[in-house]
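First up is the structure itself, then whatever we jot down about it.
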């Protein structure tokens, strides 16, 4: 297991574009997780509705894997969510107000 100082050094070395990608994925996964909790569903229930395995849901939610786009759509449909893209300026403004 890596020490915290090793992990910080590794994070600092990440390309800014890659860091933006990881932040976007983290926001997406968090939204999926929050919606599942709002609905009162277990990971198993979501997996069944999305046609996935519970283990896949667990890996996605704990950051162990980055979901493919088709998986994101399956999860969104199962959760009754809509996926939309916004400009960075819009996203920043929405997070402030």
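Numbering (our numbering), first residue to last: 394 to 490.
All C-beta atoms, glycine included, are put in the ideal place defined by N, C-alpha and C.
Would residue i pass as a contact of residue j if the rule is Cβ separation under 7 Å?
i, j, result
"residue 427", "residue 437", "no"
"residue 468", "residue 430", "no"
Out of curiosity, what's the CA-to-CA distance linking residue i and residue j?
i, j, result
"residue 471", "residue 408", "34 Å"
"residue 435", "residue 443", "12 Å"
"residue 414", "residue 450", "20 Å"
"residue 482", "residue 411", "19 Å"
"residue 416", "residue 456", "11 Å"
"residue 397", "residue 420", "23 Å"
By the 10 Å Cβ neighbour count, where 16 or more other Cβ atoms means buried, how is residue i classified, buried or exposed?
i, result
"residue 440", "buried"
"residue 476", "exposed"
Tell me which residues share the same chain as residue i and place their Cβ nearer than 7 Å to its Cβ, disregarding the 5 neighbours each side in the sequence.
i, result
"residue 474", "428"
"residue 453", "422 and 460"
Cutting at 6 Å between CB atoms, please list the residues of its own chain near residue i, excluding the five before and the five after it.
i, result
"residue 445", "none"
"residue 418", "459"
"residue 433", "none"
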